[in-house]
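Visitor:
Residue numbers (our numbering): 4 to 241.
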């Protein structure tokens, strides 16, 4: 308490704790939040049936808004928000002023019928490359149901991920549908035999998180970003 009173009286400027918190970071953090605008028919059905605020699509949009606002308020570097489906739409680019939450919420939608992950990764690479500096630490968070990740070929997606050099990519899987993604299988032929392998064993994204209850999405995003910050600090201190 003795330290707190002069801290407040100094208008939050002269105290050593405040100086440490306001010191410019040695790294330049840039985070991209990508929300999938494609949604399976089954999930749309559940979206219509579930009551607010537990509806998966609305909670997803709200979560993106909350995390985007929090990153900007804590001065955690540049933040961009995009949506993707058959194309990629930049909603709030790096360097843009913070968009009001209701406006950002209106621009996020789930009305596209397909997903083009290769286009998303290529566009993300270009966007992040344009703002990269020698001290950049870059994070790309993709939020989607993950069902179309193999449609364009796992190896092509892995190649596109490899081209994102220096970028940590996290795929957050919304697993709110009637059948869990953990239960899905992929069929392949070995000679004349059909072999079923778990879908996630072929999932091309090495870092992913599965969100079973959509209400856990905000805390999952927050914890993922916290761990990323922690990882970059530890890496740069070596």
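Just so it is clear, CB atoms sit at the ideal spot from N, CA and C, and this is done for glycine as well. Please read these numbers as outputs of a predicted model, since none were measured by experiment.
Counting pairs of Cβ atoms below 8 Å between the region 197-209 and the region 153-166, do you hit three or more?
Guide: yes
Visitor: In chain order, what residues of the same chain have a beta carbon less than 6 Å from the beta carbon of residue 96, not counting five sequence neighbours either side?
Guide: Once the five neighbours on either side are set aside, the close Cβ partners of residue 96 are 83.
Visitor: Do the CB positions of residue 164 and residue 175 come within less than 8 Å of each other?
Guide: Using a Cβ distance threshold of 8 Å, residue 164 and residue 175 do not count as a contacting pair.
Visitor: If distances are taken between C-alpha atoms only, which option among 213, 187 and 211 comes closest to residue 201?
Guide: 187
Visitor: Can you pull the DSSP bridge partners for residue 31?
Guide: BP columns for residue 31 point to 139.
Visitor: Please report how far the alpha carbon of residue 228 lies from the alpha carbon of residue 198, in whole angstroms.
Guide: Their backbone Cα atoms lie some 38 Å apart in a straight line.
Visitor: Please list the segments of the alpha helix (DSSP H) lying wholly inside the region 139-215, counting only runs of 4 or more residues, in order along the chain.
Guide: Secondary structure remark: continuous alpha helix (DSSP H) runs of at least 4 residues inside the region 139-215, in chain order: 157-166.
Visitor: Quick check: residue 80 and residue 119, are their CB atoms within less than 8 Å of each other?
Guide: Against a cut-off of 8 Å, the Cβ pair of residue 119 and residue 80 comes out as no contact.
Visitor: Using a threshold of 8 Å, state whether the C-beta atoms of residue 36 and residue 91 are closer than that.
Guide: no
Visitor: At the level of alpha carbons, what is the spacing between residue 74 and residue 232?
Guide: Rounded to whole angstroms, residue 74 and residue 232 show a C-alpha spacing of 12 Å.
Visitor: Any idea what DSSP makes of residue 244, helix, strand or coil?
Guide: The structure shown does not extend to residue 244, since the chain is modelled only from 4 to 241, so the question has no answer here.
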